[in-house]
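**Q** Just so we're aligned, residue 315 is where the sequence shown starts under my numbering, counting upward by one.
Ideal Cβ placement from N, Cα and C applies to all residues, glycine included.
From a predicted model like this one, the values you see are computed outputs, not experimental measurements.
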Amino acid sequence: MDARLLEILACPVCKGTLIHRREEGVLVCRMDRLAYPIRDGVPVMLEEEARQLGADDPLLEH
Numbered sequence: 315m316d317a318r319l320l321e322i323l324a325c326p327v328c329k330g331t332l333i334h335r336r337e338e339g340v341l342v343c344r345m346d347r348l349a350y351p352i353r354d355g356v357p358v359m360l361e362e363e364a365r366q367l368g369a370d371d372p373l374l375e376h
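1. Which of the three DSSP states, helix, strand or coil, is assigned to Arg318?
2. Among Leu374, Val342, Glu362, which one has its Cα closest to the Cα of Thr331?
3. Applying the criterion that 16 or more other CB atoms from any shown protein chain within 10 Å of the CB defines a buried residue, is Pro372 buried or exposed?
4. Restricting to Cα atoms, I'd like to know which of His334, Leu348, Glu361 is closest to Glu367.
5. Going by CA-CA distance only, name the one from Ile322, Val327, Ile352 that's closest to His361.
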């Protein structure tokens with residue numbers, strides 16, 4: 315995924331920073347505990363497409 319695109323993307327729910335988890339193919343919002351999928355190199359930034367993460371999910375780790 316393009317680094318410049320990552321710089322401008324924000325969580326559509328809280329407008330917070332997203333973390334790219336390359337191996338899992340997701341963008342993670344720690345604040346809302348949501349994982350947005352990346353499909354064919356395109357982030358799907360829809361809340362209804364995001365997966366809710368549990369408080370202990372390893373995707374939320376630094």
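**A** Well, looking at it:
1. Helix.
2. With distances taken between Cα atoms, Thr331 lies closest to Val342.
3. So Pro372 ends up on the exposed side.
4. Checking the sequence shown, residue 367 turns out to be Leu, not Glu. Among His334, Leu348, Glu361, the Cα nearest to that of Leu367 is on Leu348.
5. One detail in the question is off: residue 361 reads as Glu in this sequence, not His. For Glu361, the nearest C-alpha among the options comes from Val327.
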